[in-house]
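*Asks:*
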Amino acid sequence: MKISALNGFKDIVPGEVELWQHVENVARDIFARFHFSEIRMPILEKTDLFARSIGEATDIVEKEMYTFVDKQITMRPEATASLLRAYIQHGLHVKKPVQRLFTIGPMFRHERPQKGRLRQFHQMDVEVLGAANPRVDAELMGLGSMLMEELGISVSLEMNSLGCPVCRPGFRETLLNFINERLEHLCDDCKRRSSTNPLRVLDCKNPKCREQVEEAPSIQEHLCEDCDTHFAAVQKNLQQLGVQYSLNKFMVRGLDYYTRTTFEFITEDLGAQAAVGAGGRYDGLIEQLGGPKNIPGIGFALGMERLVLLLQQQEQEQAAASGVDIFIAGLGEKASEFAFPLVHTLRLNKIVAAMDHEGRSLKSQMKQANKAGAAWVLIVGENELEQGQVVLRNMETKEQEEITTSSLIDILLEKLQ
Ligand code: HAM
Numbered sequence: 004m005k006i007s008a009l010n011g012f013k014d015i016v017p018g019e020v021e022l023w024q025h026v027e028n029v030a031r032d033i034f035a036r037f038h039f040s041e042i043r044m045p046i047l048e049k050t051d052l053f054a055r056s057i058g059e060a061t062d063i064v065e066k067e068m069y070t071f072v073d074k075q076i077t078m079r080p081e082a083t084a085s086l087l088r089a090y091i092q093h094g095l096h097v098k099k100p101v102q103r104l105f106t107i108g109p110m111f112r113h114e115r116p117q118k119g120r121l122r123q124f125h126q127m128d129v130e131v132l133g134a135a136n137p138r139v140d141a142e143l144m145g146l147g148s149m150l151m152e153e154l155g156i157s158v159s160l161e162m163n164s165l166g167c168p169v170c171r172p173g174f175r176e177t178l179l180n181f182i183n184e185r186l187e188h189l190c191d192d193c194k195r196r197s198s199t200n201p202l203r204v205l206d207c208k209n210p211k212c213r214e215q216v217e218e219a220p221s222i223q224e225h226l227c228e229d230c231d232t233h234f235a236a237v238q239k240n241l242q243q244l245g246v247q248y249s250l251n252k253f254m255v256r257g258l259d260y261y262t263r264t265t266f267e268f269i270t271e272d273l274g275a276q277a278a279v280g281a282g283g284r285y286d287g288l289i290e291q292l293g294g295p296k297n298i299p300g301i302g303f304a305l306g307m308e309r310l311v312l313l314l315q316q317q318e319q320e321q322a323a324a325s326g327v328d329i330f331i332a333g334l335g336e337k338a339s340e341f342a343f344p345l346v347h348t349l350r351l352n353k354i355v356a357a358m359d360h361e362g363r364s365l366k367s368q369m370k371q372a373n374k375a376g377a378a379w380v381l382i383v384g385e386n387e388l389e390q391g392q393v394v395l396r397n398m399e400t401k402e403q404e405e406i407t408t409s410s411l412i413d414i415l416l417e418k419l420q
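The sequence shown: position 318 = 321 (our numbering), numbered continuously.
Below, the structure written as structure tokens:
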């Protein structure tokens with residue numbers, strides 16, 4: 004019996020791996036320019052590390068972790084908690100007051116697999132530990148934007164502030180009052196979340212919930228003075244760097260450790276999996292994990308599968324844009340005999356023409372035409388040919404017309420030149 008990979012786990016085979024190497028090389032080059040050092044952590048960690056950092060009431064900890072229950076260990080669902088564990092364990096703050104670290108590797112979440120969402124996926128993660136200055140927030144968003152630009156990927160940057168332990172509880176109350184007034188109209192998940200983690204109601208994907216929270220209070224208007232000053236400074240610094248961004252009051256992130264700035268790089272080209280990268284500030288987390296007091300931190304992670312998918316989609320679009328003008332799909336030897344000189348004549352007339360020489364089925368020739376980005380396909384069937392007919396298909400509109408072979412060249416030249 005054939006054994007294949009687990010659902011949501013994927014091989015990266017030659018032909019595809021080159022794109023991964025390209026993404027990683029561009030990233031490593033930029034990380035070096037921003038003076039980051041690499042750190043590598045193990046894949047298995049104590050379960051408690053993630054429960055304490057990501058949060059007990061998050062989807063990740065509640066239902067997505069690969070945990071060996073009898074051993075209390077978990078395959079890391081993200082890099083930040085492990086990286087901070089290593090930072091604390093090795094006393095890296097003593098070696099340098101500000102550590103700029105990056106790591107690249109596989110993460111594991113038991114999510115429902117779909118395009119751009121896997122159970123083993125890869126992150127490129129950067130973290131700056133020991134820097135509270137809002138310039139660092141802007142610097143990191145600038146790094147992400149630079150990386151996207153150098154990869155040739157178009158994304159938009161969205162930002163929010165989640166406040167801090169001083170101002171968030173007040174906002175939570177205000178939001179809870181708003182939610183309670185609409186509770187009956189919310190989905191079951193949101194009803195449950197409203198008591199454990201009401202901010203999550205703001206980013207529920209259910210259209211009914213979205214409609215209900217449209218007018219929800221904005222945390223940006225409930226920040227304490229320090230958070231508000233920080234938020235304004237980050238925006239000023241982003242403008243200084245010329246980094247485009249927009250504010251999104253609904254962004255709350257799926258991990259509990261964030262304070263103040265949060266951000267996401269969003270694409271419209273991957274369906275439901277819109278976030279190509281995301282992160283934010285987590286000023287209390289190092290202490291919460293048993294590390295030294297008052298060491299702020301900020302970082303973000305990019306999803307490599309999503310970057311690679313976007314690059315692949317782009318490649319296909321580019322191939323289609325510079326594809327052949329016409330592909331002659333012939334069925335049978337007589338059709339090939341007819342197509343062979345026809346392709347030559349078209350080429351003499353400066354038309355990019357192609358045909359199949361391997362006697363493939365019509366279906367696979369149509370696929371070949373699609374791959375070659377053909378604008379038109381001429382379908383030459385043996386029987387039709389005997390009656391002096393061929394079919395011309397417009398690949399964009401999918402319209403087909405029958406053409407008599409005697410006037411074929413004139414019609415093709417008229418349509419294609
Ligand atoms: P996250 O939003 O959970 O944040 O994940 C960051 C990125 O990893 C996402 O934007 C997405 O591109 C990718 N990703 C997440 N889950 C999957 C999946 N199942 N399949 C494919 N790609 C996925 C974090 O993990 C934080 N640790 C980010 C951070 C770093 N915050 C501060 N520092």
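Every residue gets a Cβ at the ideal spot worked out from N, C-alpha and C, and that includes glycine.
1. Looking only at DSSP bridge pairs, what is Ile15 linked to?
2. Which of the three DSSP states, helix, strand or coil, is assigned to Lys374?
3. Checking 7 Å against the spacing of the C-beta atoms, do Gly133 and Pro100 come in under that value?
4. Taking 7 Å as the cut-off, decide whether the C-beta atoms of Asp259 and Thr70 are in contact.
5. The ligand HAM heavy atoms versus the CB of Ala30: any closer than 6 Å?
6. Buried or exposed: which applies to Glu142, given that a residue is buried once 16 or more other Cβ atoms fall within 10 Å of its Cβ?
7. Can you name the residues that DSSP bridges to Pro109?
8. Within 6 Å: the Cβ of Ala278 and any heavy atom of the ligand HAM?
9. In the DSSP assignment, find the alpha helix (DSSP H) that holds Met149 and state where it starts and stops.
10. Taking only three categories from DSSP, how would you classify Gln420?
11. Would you tell me roughly how many angstroms separate the C-alpha atoms of Arg213 and Leu165, rounded to the nearest one?
12. By how many angstroms is the C-alpha of Pro201 removed from the C-alpha of Val355?
13. Here's the rule I'm using: 16 or more other beta-carbon atoms within 10 Å means buried, otherwise exposed. How should Ser409 be labelled?
14. In this structure, what does DSSP give as the bridge partners for Ile354?
15. Please list the terminal residues of the continuous beta strand (DSSP E) segment that includes Asn397.
16. Is any heavy atom in the ligand HAM found nearer than 6 Å to the beta carbon of Lys126?
17. If we call anything under 7 Å between Cβ atoms a contact, is Val129 one with Val139?
18. Rounded to whole angstroms, what's the CA-CA distance from Ile15 to Met307? Just pull it up for me.
19. In or out: Gly293 buried (at least 16 other Cβ within 10 Å) or exposed?
20. Under 8 Å, with one C-beta from each stretch per pair, do the region 294-302 and the region 334-352 reach the 3-pair mark?
21. If you follow the alpha helix (DSSP H) that Ala134 is part of, which residue opens it and which one closes it?
22. In three-state DSSP terms, what is Val158?
23. Label Thr407 either buried or exposed according to how many other C-beta atoms from any shown protein chain fall within 10 Å of its C-beta, with 16 as the threshold for buried.
24. Between the alpha carbons of Leu226 and Arg171, how many angstroms are there, rounded?
25. What are the start and end residues of the alpha helix (DSSP H) that includes Lys194?
*Replies:* If we stick to the structure as given:
1. Ile15 is not bridged to any residue.
2. Correct three-state label for Lys374: helix.
3. Judged by their CB atoms, Gly133 and Pro100 are nearer to each other than the 7 Å cut-off.
4. For Asp259 and Thr70, no; Cβs fall outside 7 Å.
5. Taking non-hydrogen atoms of the ligand HAM into account, the C-beta of Ala30 is found less than 6 Å away from none of them.
6. Classification for Glu142: buried.
7. BP columns for Pro109 point to His125.
8. The answer is yes for Ala278.
9. For Met149, the enclosing alpha helix (DSSP H) has its first and last residue at Pro137 to Leu154.
10. In the displayed model, Gln420 falls within coil according to three-state DSSP, outside both helix and strand.
11. Looking at the two C-alpha atoms, the distance is approximately 19 Å.
12. It is roughly 59 Å from the alpha-carbon of Val355 to the alpha-carbon of Pro201.
13. Looking at its Cβ environment, which holds fewer than 16 other Cβ atoms inside 10 Å, Ser409 is exposed.
14. In DSSP, Ile354 forms no bridge with anything.
15. Start and end: Gln392 to Asn397.
16. Note on residue identity: the sequence assigns Gln, not Lys, to residue 126. For Gln126, the shortest separation between its Cβ and any heavy atom of the ligand HAM lies below 6 Å.
17. The Cβ atoms of Val129 and Val139 lie no closer than 7 Å to each other.
18. Approximately 12 Å, taken between the alpha carbons.
19. Exposed.
20. At 8 Å Cβ cutoff, the stretches do not touch.
21. Membership of Ala134 in any alpha helix (DSSP H) is not indicated, and neither H nor E is assigned to it by DSSP.
22. DSSP places Val158 in coil when its eight states are reduced to three.
23. Exposed.
24. For Leu226 and Arg171, the distance between alpha carbons rounds to 7 Å.
25. Taken as a continuous stretch (DSSP letters only), the alpha helix (DSSP H) holding Lys194 covers Asp191 to Thr199.
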